[in-house]
Amino acid sequence: MKNLEKRIQDIIGKHYSSMLTELDEIINVDNVELSIFLSSNEFGKEFECGINTK
1452 MKNLEKRIQD IIGKHYSSML TELDEIINVD NVELSIFLSS NEFGKEFECG INTK
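In the working numbering, the protein residues as written are 1452 to 1505.
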């Protein structure tokens, strides 16, 4: 799970340290698939996250 936590931190950190307004990413680590969607625009912020095990 440490690998998964590190990947999540890296991806979210990249999103907030850049000028991206949207991030849609799928991470596969240790038989777990994690989908992350982040969006930020004039209408507000949105965050969705899903987890599937293999």
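Backbone N, C-alpha and C fix where the C-beta goes; we use that ideal spot for every residue, glycine too. Since we're looking at a predicted model, the values are computed, not measured.
Per DSSP, residue i is paired with what?
i     : result
E1499 : F1488
N1479 : E1484
E1473 : S1490
Hey, residue i and residue j: beta-carbon distance below 7 angstroms or not?
i     : j     : result
I1478 : L1485 : yes
I1459 : E1476 : no
T1504 : V1483 : yes
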